[in-house]
Amino acid sequence: GQQVMQIPQYQHVQEGEDFTTYCNSSTTLSNIQWYKQRPGGHPVFLIQLVKSGEVKKQKRLTFQFGEAKKNSSLHITATQTTDVGTYFCAGRRMDSSYKLIFGSGTRLLVRP
Amino acid sequence: DGGITQSPKYLFRKEGQNVTLSCEQNLNHDAMYWYRQDPGQGLRLIYYSQIVNDFQKGDIAEGYSVSREKKESFPLTVTSAQKNPTAFYLCATLGGSGRYSTDTQYFGPGTRLTVL
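Heads up: the sequence lines are chains W and D, in that order. Sequential numbering of the first sequence, starting at 1, is according to my numbering. Sequential numbering of the second sequence, starting at 1001, is according to my numbering.
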């Protein structure tokens, strides 16, 4: 079945360092979404990317959608302790299925 | 989130007992979902419902059952047939209704089920 792979599984950084997580799909996606889950919490929607090659920014967060619409990345510049959590990508298939395919997530730990 | 309520937050049950997890939403969203999350893992889809009185199996439906008698409610029953039911269960909706549906998923606070 269709899979969405996400790497790395976890990353431990010093506050102020940058962080990137990558998402790769086995098939072309209609769109890709990113969610953040704080420890003990539930996933919260961050952003959606739809167009091939699209880049969106939210303050220190930069999101990219690949040209082939099969991969995506989330980059955080100068991490802060408030960035701690697990970041999930989720892809929607081209057949407009109601189902999102979630990546396994990247857990970010930030040392103060 | 906000308009999605899951209760209880923590639930303990003995092995072999069925248990029903509640999910209520006041967002007027058509589609509702149940996901399971295990430690250090992503979200796996159990069941989803696009409209009232209709639902479809997700990737790991075995041992679970659902109903969708009202737009606002989508309860999940974890049956004794589920081999390893201890997990974090998340209910979600898909933003919007009808022609105004969006792709954004809104999650409830989740229920942590522990089977002893």
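We treat Cβ as the ideally placed atom computed from N, Cα and C, and that holds for glycine.
Identify, in the order they occur along the chain, each residue of the same chain with its Cβ nearer than 7 Å to the Cβ of Q14/W, setting aside the five sequence neighbours on each side. R111
Does N71/W have its Cβ less than 8 Å from a Cβ in chain D? no
On a Cα-Cα basis, can you pick out the residue from G1040/D, E1062/D, S1067/D that is closest to I1046/D? E1062/D
Chain W beta carbons: is any one of them nearer than 8 Å to that of Y1048/D? yes
In whole angstroms, what separates the C-alpha of K1014/D from that of S1073/D? 25 Å
I'd like to know whether the C-beta of A1031/D is nearer than 8 Å to at least one C-beta of chain C. Absence of chain C from the displayed structure is noted, the protein chains being W and D.
Coil, strand or helix - T81/W by DSSP: helix
Measure the alpha-carbon distance for D1001/D versus N1026/D and round it to whole angstroms. Here D1001/D scores only 47 on pLDDT, less than 50, and its place in the model is too uncertain to base an answer on.
I101/W versus K1071/D: straight-line alpha-carbon distance, rounded: 24 Å
Is it the case that the CB of K1014/D approaches a heavy atom of the ligand ATP more closely than 7 Å? The ligand ATP is absent from the structure shown, which contains no ligand whatsoever.
Can you list, in chain order, the residues of the segment 75-105 of chain W whose Cβ is nearer than 8 Å to any Cβ on chain D? F88, A90, R92, Y98, K99, L100, F102, G103, S104, G105
Beta-carbon separation of L1043/D and L1113/D under 8 Å? no
Taking CB distances under 8 Å as the criterion, tell me whether T1104/D reaches chain W. yes
Just to confirm my understanding: we take S1007/D, look at its own chain, exclude 5 residues before and 5 after, and list those with CB closer than 6 Å. What are they? S1022
Inspect the beta-carbon positions of T81/W and R107/W and report whether they are closer than 8 Å. no
How is A1092/D classed by DSSP in three states: helix, strand or coil? strand
Distance check for R93/W and N24/W, CA to CA, integer angstroms please. 13 Å
Which residues mark the beginning and the end of the beta strand (DSSP E) in which V1066/D is found? 1064-1066
Taking only runs that begin and end inside the segment 37-81 of chain W, name each unbroken beta strand (DSSP E) of 3 or more residues, in chain order. 44-49, 55-58, 61-65, 71-76
Counted within 10 angstroms of its Cβ, other Cβ atoms place K51/W as buried (16 or more) or exposed: exposed
Out of curiosity, what's the CA-to-CA distance linking P1039/D and G105/W? 11 Å
If the cut is a Cβ gap below 8 Å, which residues of chain W does P1109/D touch? G41, H42
For G1042/D, write down the residues that DSSP places opposite it in a beta bridge. Paired residues: none, contrary to the question.
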